[in-house]
Amino acid sequence: MTSFSDSGAATASSAASGGSTAAWATSFFASKFGIGKRELENYLSEALSRGGDYADLYFEYVASTSISIDESIIKSATQGVSLGVGIRVIAGERTGYAHSGDLSPEKIRAAARVAAMIASGPSKVESATLEDGPKRNLYPIVTAPAETAFHERVELAWRADRAARAYDSKIFQVQVTWADNIREVLVATSDGVLSFDRQPLARLSVYALARDAAGSPQQGHAGGGGRREISWFHDERTPEFFAEDAARQAVAQLTAVEAPAGEQTVVLGPGWPGVLLHEAVGHGLEADFNRKGVSAFSGRIGQKVASELCTVIDDGTIGGRRGSLNVDDEGNPTQRNVLIEKGILRGYLQDRLSSRILGVAPTGSGRRESYECVPMPRMTNTFMLAGESDPQDVIRSVKRGLYCANFAGGQVDITSGNFVFSASESYLIEDGKLTRPVKNATLIGNGPESLGRISMVGCDLELDEGIGVCGKEGQSVPVGVGMPTVRIDGMTVGGTA
Amino acid sequence: MTLDDLKELAQTVVRRATEAGAEGAECTVSDSTDFSAKVRMGELEKLQQAGSTGVGLRVITGRKMGASYTSDLTRDGIDRMVRSAVDLASFTTEDPHAGMPDEGEMATSTADLGLYSDGVAQLDSEVKIDSARRAEAAALAVDPRISNSEGGSFESNLGLRAFANSHGFCGGWRASSCSISVVPVAKWDGGMERDYWYTLSRDYAGLDSPEYVGQRAAERTLRRLGAVKVETQKVPVVFEQRAARTLLGHVFEAVDGRSIYRESSFLAGKLGEKVASEGITIIDDATIPGMFGSQPFDDEGVRTRRTVVIERGILKNYLLNSYAARKLGMRTTGNASRGLTGNAGVGIGNFFIEPGARSGAEMISGIRNGFFVTELIGNGVNTVTGDYSRGAVGIWIRDGELAFAVSEVTIAGTLQEILAGAEIGNDPEIRGSMWSPTILVPEMTVSGK
Numbered sequence: 001m002t003s004f005s006d007s008g009a010a011t012a013s014s015a016a017s018g019g020s021t022a023a024w025a026t027s028f029f030a031s032k033f034g035i036g037k038r039e040l041e042n043y044l045s046e047a048l049s050r051g052g053d054y055a056d057l058y059f060e061y062v063a064s065t066s067i068s069i070d071e072s073i074i075k076s077a078t079q080g081v082s083l084g085v086g087i088r089v090i091a092g093e094r095t096g097y098a099h100s101g102d103l104s105p106e107k108i109r110a111a112a113r114v115a116a117m118i119a120s121g122p123s124k125v126e127s128a129t130l131e132d133g134p135k136r137n138l139y140p141i142v143t144a145p146a147e148t149a150f151h152e153r154v155e156l157a158w159r160a161d162r163a164a165r166a167y168d169s170k171i172f173q174v175q176v177t178w179a180d181n182i183r184e185v186l187v188a189t190s191d192g193v194l195s196f197d198r199q200p201l202a203r204l205s206v207y208a209l210a211r212d213a214a215g216s217p218q219q220g221h222a223g224g225g226g227r228r229e230i231s232w233f234h235d236e237r238t239p240e241f242f243a244e245d246a247a248r249q250a251v252a253q254l255t256a257v258e259a260p261a262g263e264q265t266v267v268l269g270p271g272w273p274g275v276l277l278h279e280a281v282g283h284g285l286e287a288d289f290n291r292k293g294v295s296a297f298s299g300r301i302g303q304k305v306a307s308e309l310c311t312v313i314d315d316g317t318i319g320g321r322r323g324s325l326n327v328d329d330e331g332n333p334t335q336r337n338v339l340i341e342k343g344i345l346r347g348y349l350q351d352r353l354s355s356r357i358l359g360v361a362p363t364g365s366g367r368r369e370s371y372e373c374v375p376m377p378r379m380t381n382t383f384m385l386a387g388e389s390d391p392q393d394v395i396r397s398v399k400r401g402l403y404c405a406n407f408a409g410g411q412v413d414i415t416s417g418n419f420v421f422s423a424s425e426s427y428l429i430e431d432g433k434l435t436r437p438v439k440n441a442t443l444i445g446n447g448p449e450s451l452g453r454i455s456m457v458g459c460d461l462e463l464d465e466g467i468g469v470c471g472k473e474g475q476s477v478p479v480g481v482g483m484p485t486v487r488i489d490g491m492t493v494g495g496t497a
Numbered sequence: 001m002t003l004d005d006l007k008e009l010a011q012t013v014v015r016r017a018t019e020a021g022a023e024g025a026e027c028t029v030s031d032s033t034d035f036s037a038k039v040r041m042g043e044l045e046k047l048q049q050a051g052s053t054g055v056g057l058r059v060i061t062g063r064k065m066g067a068s069y070t071s072d073l074t075r076d077g078i079d080r081m082v083r084s085a086v087d088l089a090s091f092t093t094e095d096p097h098a099g100m101p102d103e104g105e106m107a108t109s110t111a112d113l114g115l116y117s118d119g120v121a122q123l124d125s126e127v128k129i130d131s132a133r134r135a136e137a138a139a140l141a142v143d144p145r146i147s148n149s150e151g152g153s154f155e156s157n158l159g160l161r162a163f164a165n166s167h168g169f170c171g172g173w174r175a176s177s178c179s180i181s182v183v184p185v186a187k188w189d190g191g192m193e194r195d196y197w198y199t200l201s202r203d204y205a206g207l208d209s210p211e212y213v214g215q216r217a218a219e220r221t222l223r224r225l226g227a228v229k230v231e232t233q234k235v236p237v238v239f240e241q242r243a244a245r246t247l248l249g250h251v252f253e254a255v256d257g258r259s260i261y262r263e264s265s266f267l268a269g270k271l272g273e274k275v276a277s278e279g280i281t282i283i284d285d286a287t288i289p290g291m292f293g294s295q296p297f298d299d300e301g302v303r304t305r306r307t308v309v310i311e312r313g314i315l316k317n318y319l320l321n322s323y324a325a326r327k328l329g330m331r332t333t334g335n336a337s338r339g340l341t342g343n344a345g346v347g348i349g350n351f352f353i354e355p356g357a358r359s360g361a362e363m364i365s366g367i368r369n370g371f372f373v374t375e376l377i378g379n380g381v382n383t384v385t386g387d388y389s390r391g392a393v394g395i396w397i398r399d400g401e402l403a404f405a406v407s408e409v410t411i412a413g414t415l416q417e418i419l420a421g422a423e424i425g426n427d428p429e430i431r432g433s434m435w436s437p438t439i440l441v442p443e444m445t446v447s448g449k
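Chains as they are written, first to last, in this note's numbering: chain A, 1 to 497; chain B, 1 to 449.
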């Protein structure tokens, strides 16, 4: 089972490339831990000593900070460090994996020997000489939020708390969470790839509760971030922007009516509702499921799996985005992958293992939660290209239906293709106009079938604000989603009215 | 590292933190040794083995809290962690309710809760891999329509946990666990479905046989084939044990002391009131020997206990850590839950619902037109308002019989209505730390066509 959580909503930014070209000698693990290329090559040889076909080392150091304000008190402030190395050996279709939180040479060698046990036989592959991979920088950040003064980050959280409370006297509870980290990674492979990256990440989220005399409290949630400078939170997306959005949603829910039950025409707003693509097609196109033939999309490359209005992209190279990476967690550069082109299924998301077995090129989609985890094919930023319809015309075209502006998350069963996502902000469409807000409801559909029912695509592509977390087999990674306004003719809405 | 090493490290960290200026300090050290093997279509696919250790520290100075953690156990790494928590406590705001639990709440008993079995540590890798292989093979042998698989797995874990605080409390325990699981895939007439089954125990001898796990998984997968979408309608809904258990999860969220003091629960302010049908009694008990939710003290060092949450429909108690207790003017129930980071949250011990009179089969036999739910997906539950709407998979009930498979529908209602109308079965499936018998809800909206 795969899932998606958290919420946000709006604007695309363009790719920035070039920039930093850090050399190995000055890289994090070489300079801080004195790890040399020779040692890495020795660890790789140890990993292949029992006859594996391929081995890689993944060093990771993550320094994190999180601050949470609740009831206008800083209730929690935490800083922490996680550090370790994961060692993988592939022998045929088998994977051996071990990790160590201790970077002493003897512990790393011991882990290499454990991973090596997946193979049995004499050593047969020579580990290649390590060479630095090509360099680019999608997040050329001089001072990461994690490196700014603590009080500067706390102040951003305070501003959100004040703004949410000031929005409306009906707001009675506000929780604000600031979280940032810097992740330093180093990947060395027996193919000779040596790759390292510094990956800053920050987000601000706001949760607000509103109540009036009438009934039970209602909640609203918003937030955003990415691989950004702290100035982004001052100039581009302020704490007030997120706070007011959360408060607005909570207040709107106070007058919400019961959601309809049964099949409806559904219009999804731009941005965060792109979670539809993440669930309906994204997971089903991850190569591990397809190589094993357990996805509803298995064996369907070249076939029509969506309406011809749909072109779906997974792009890990968009500058500053939460789902973007210079290199994936297997040392391959990320890229822009066309998954569906005008309704036709074009390709899967590959990691090294699947691409080796299937004999195709990796797509820069190998990701993992931490050094304790085996990499898998994963999404980065997944979105649908803009179409030609005016978003207002899309809404006007519906006599009676549901408009969904925000979602609280979703989940998919990749084998049957059935997926759900939970609307956290939606409105009735009556005679082509948005009328009353509607209570939270789950929408359910079948991947290939739902995309076939997309009948209008707006010209207003937006990417989400940057707080998405994708879960697969127990591993969480940051991702982005995006979508223009779309009309789907017939989705089951799980209301009671 | 041994448990004594971990305890010593926890005490050292607490001492260093108080020397560095903290008024109060508490430290958790955890150590875990994990093994997992996955076999797919008869071939070993993945073998993973590793150990990891982490330390978490929380300090309080003048009603201000700071927390830090590290996986870097070098002297330097520990020093940095201590400095970081103490520094943070000087930056945060004063919270009149912040603090450690009272000294008198600390656990004193050292009774062995039977959480550890030597057998797991001594298991041979070949035996573990073979268990996974046998379970998958049993699933594949059930029916030719089971033609594929996401694999059979064996996982085991040996864990050590130590905790010390500046009240002078220091304790710890060892735990073991192992599990066998299988995810078969069935294909028939253009459709493809998967389901799963697993067994979980503190000891290898406590596991169901791999063959049993494989057969159960295969039967569950086969019965999903040919699923259709039904018309939208209001009908009785029967939650199979595995689905019923998720309802308990929502009840826990709603009685979590943090959502009570924030007034963000549909059960806030309802203590002593009737919130469920007479047949519903829900207990939290972390003292049951050998169970997965058992531990001798909670993550603040407070003794664990049995707490009646709902008794014959009346809301009796919330579940609290020391902070939520102070906020509400109550006493902690020993439900503090904390990983290595941040403040203590609230968690369950063993959280379960007392069995009722009828079996699931008897409930089904009395229903003319209804829905037997076997799996739920999505997160459409709002415990602030009680609104409930989730994707569901299961079998349609017609004239008291399980008639045909159903999918791509949702079930909706409110948790208030579900609790008020629910009938509890007599057939709990006791596994893990949260369990339930079959539950019958007289009416919910099923959305389909």
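For every residue, glycine included, the Cβ atom is placed at its ideal position computed from N, Cα and C.
Check: I want to see whether chain A comes within less than 8 Å of B/T92, judged by CB atoms only; does it?; Outcome: yes
Check: Starting from B/T70, follow the beta strand (DSSP E) in both directions and report where the run begins and ends.; Outcome: K64 to T70
Check: Select from the segment 219 to 240 of chain A all residues with a C-beta closer than 9 Å to any C-beta belonging to chain B, and list them in chain order.; Outcome: Q219
Check: Within the continuous beta strand (DSSP E) that includes B/T53, where are the two ends?; Outcome: E43 to T61
Check: 8 Å is my cut-off, CB to CB: does B/K46 come that close to chain A?; Outcome: yes
Check: Over what stretch of residues does the alpha helix (DSSP H) that includes B/L440 continue unbroken?; Outcome: It is not in any alpha helix (DSSP H) - B/L440 instead sits in the beta strand (DSSP E) that spans I439 to S447.
Check: Going by other Cβ atoms of all chains shown within 10 Å of its Cβ, with 16 needed for buried, is A/H278 buried or exposed?; Outcome: buried
Check: Excluding sequence positions up to five away, which residues of its chain have a Cβ less than 6 Å from the Cβ of A/M1?; Outcome: Note that A/M1 scores 43 on pLDDT, short of 50, meaning its location in the model is unreliable; the coordinates nonetheless yield the value given after this. Within the same chain, A/M1 has no close Cβ partners at all.
Check: In chain B, which residues lie less than 8 Å from A/A408 when you measure between Cβ atoms?; Outcome: N379 and G380
Check: Hey, is the segment 97 to 111 of chain A in contact with the segment 158 to 168 of chain A, meaning 3+ C-beta pairs nearer than 8 Å?; Outcome: no
Check: Tell me which same chain residues have a C-beta within less than 6 Å of the C-beta of B/L384, skipping the five on either side of it?; Outcome: According to the sequence provided, residue 384 of chain B is Val. The question's Leu does not apply to it. Cβ within range, chain order: S264.
Check: Give the DSSP-derived three-state secondary structure of B/G293 in the structure shown.; Outcome: coil
Check: Sorted by chain position, which residues of the same chain lie with C-beta nearer than 6 Å to B/S33's C-beta, five sequence neighbours on each side aside?; Outcome: For clarity, residue 33 of chain B is Thr in the given sequence; the question names Ser instead. Closer than 6 Å at the Cβ level, and outside the excluded window around B/T33, lie G51 and L158.
Check: Output yes if chain A places a C-beta closer than 8 Å to the C-beta of B/S433; else output no.; Outcome: no
Check: Closer than 7 Å: is that where the CB of B/G99 sits relative to any heavy atom of the ligand FAD?; Outcome: The ligand FAD is not among the ligands present in this structure, which contains no ligands whatsoever.
Check: Could you tell me whether the Cβ atoms of B/A325 and B/E300 are closer together than 8 Å?; Outcome: no
Check: Can you find a C-beta in chain B that's less than 8 Å from the C-beta of A/Y54?; Outcome: no
Check: Flag this pair as yes or no: are the beta carbons of B/Q215 and B/A121 separated by less than 8 Å?; Outcome: no
Check: In chain B, what lies closer than 9 Å to A/V441 by C-beta?; Outcome: Rather than Val, the amino acid found at residue 441 of chain A in this sequence is Ala. Correct list: G380, D387, S389, T410, A412 and S447.
Check: Mapping the DSSP letters down to three states, classify A/A497 as helix, strand or coil.; Outcome: coil
Check: Interface residues of chain B around A/G80 at Cβ under 7 Å?; Outcome: S68, Y69, T70 and T341
Check: Are the CB atoms of A/W232 and A/V481 nearer to each other than 8 Å?; Outcome: no
Check: Identify which residue in A/P217, A/V267, A/E286 and A/Y139 has its Cα closest to the Cα of A/T255.; Outcome: A/P217
Check: Could you give the uninterrupted runs of the alpha helix (DSSP H) lying entirely in the segment 261 to 325 of chain A, keeping only those of 4 residues or more?; Outcome: 287 to 291
Check: Rounded C-beta distance between A/A405 and A/P484? I'm assuming under 8 Å.; Outcome: The pair is not a contact, with the Cβ atoms about 13 Å apart (cut-off 8 Å).
Check: Measure the CB-CB distance between A/A144 and A/A47 and report whether it falls below 8 Å.; Outcome: no
Check: Would you identify the three-state DSSP class for A/S190, choosing helix, strand or coil?; Outcome: coil
Check: Report yes or no: is there a C-beta of chain E within less than 8 Å of the C-beta of A/K472?; Outcome: In the structure shown, chain E does not exist; the protein chains are A and B.
Check: Might you give, ordered along the chain, the residues of its own chain that have their beta carbon closer than 8 Å to the beta carbon of B/R220, omitting 5 neighbours on each side?; Outcome: D195, Y196, W197 and T374
Check: Check each candidate in A/S49, A/R50, A/F196 and A/R94 and name the one with the smallest Cα separation from A/S31.; Outcome: A/F196
Check: If we ignore side chains and look at the alpha-carbon of each, how far apart do A/A250 and A/L209 end up?; Outcome: 6 Å
Check: What residues in its chain sit with their C-beta under 6 Å from that of B/I377, if we drop five residues either side in the sequence?; Outcome: G391
Check: Using the Cα positions of A/A111 and B/Q11, report the straight-line distance between them to the nearest angstrom.; Outcome: 29 Å
Check: Are the Cβ atoms of B/G342 and A/S76 separated by less than 8 Å?; Outcome: yes
Check: Answer yes or no: do B/L115 and B/S294 have a C-beta to C-beta separation smaller than 8 Å?; Outcome: yes
Check: Assuming B/R40 is part of the beta strand (DSSP E), what are its boundary residues?; Outcome: G24 to R40
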